[in-house]
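Numbering (the working numbering), first residue to last: 394 to 611.
Here's the structure we're looking at; comments come further down.
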Ligand code: GAR
């Protein structure tokens with residue numbers, strides 16, 4: 394069966410992208426990384442992707458007069474590579490509503506909190522400040538509202554009394570690297586579907602609770 398062609402959008406170091414590239418190197422992984430696009434020329438992840446032989450493109454948002462014209466250029470690049478699923482991996486640019494509408498159901502993001510708690514930036518610090526005992530990461534469909542799309546899967550980690558933004562960020566990131574390749578696998582296997590009004594996402598053939606990973610790792 395043809396593999397799902399995945400386009401990854403990054404803005405920075407690309408550790409989630411690297412985890413996806415590594416997963417996709419397995420012969421039986423049902424997705425392949427078709428291209429990596431960055432809005433920043435100095436994103437560290439570009440080198441990692443190029444070293445893995447993946448086509449990379451830089452599209453600087455600064456070169457476009459408004460969000461939608463940038464979004465359309467990114468979209469054209471993804472379409473040129475025959476992408477069927479767009480994966481945001483530390484892509485820190487806000488889209489116009491055109492982009493998520495155009496890619497509806499084929500556009501996902503990973504966010505380092507248990508949504509709907511802690512949206513926006515510095516969410517690990519937000520979790521520490523709120524005194525929560527559990528945080529984690531969420532993979533969700535992207536819709537025009539920021540960090541608000543239907544949840545596909547989550548991974549949970551403990552928040553410790555003496556955590557700093559750095560220690561919690563690192564603990565969550567280790568789970569991001571487990572969760573994201575797993576979710577992209579489900580897409581590659583055609584098992585992800587939204588039910589009802591699109592707010593509830595189901596993944597076929599998983600045991601109960603299969604879209605939640607727990608990690609007790611400190
Ligand atoms: C990750 O922690 C990701 O969850 C977060 O940026 C980091 C990117 O790291 N994304 C967001 O905060 C999106 N709202 P990476 O470049 O090493 O994958």
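All C-beta atoms, glycine included, are put in the ideal place defined by N, C-alpha and C.
- Of all alpha-carbon atoms in 465, 472 and 514, the one lying nearest the alpha-carbon of residue 491 is that of 465.
- If you draw a 10 Å sphere on the C-beta of residue 433, you find 16 or more other C-beta atoms in it, and that means buried.
- Linking residue 494 to residue 587 through their CA atoms gives a straight-line distance of about 15 Å.
- Using a Cβ distance threshold of 7 Å, residue 570 and residue 412 count as a contacting pair.
- Any heavy atom of the ligand GAR within less than 5 Å of a residue's beta carbon puts that residue on the list, which reads 405, 406, 407, 408, 409, 482, 483, 503, 504 and 505.
- Look at the region 450 to 520 and you find these whole runs of alpha helix (DSSP H), each 4 residues long or longer: 460 to 473 and 491 to 495.
- Distances from the alpha-carbon of residue 480 to those of 601, 430, 564 and 560 put 430 closest.
- The criterion of a C-beta distance shorter than 7 Å is not satisfied by residue 581 and residue 402.
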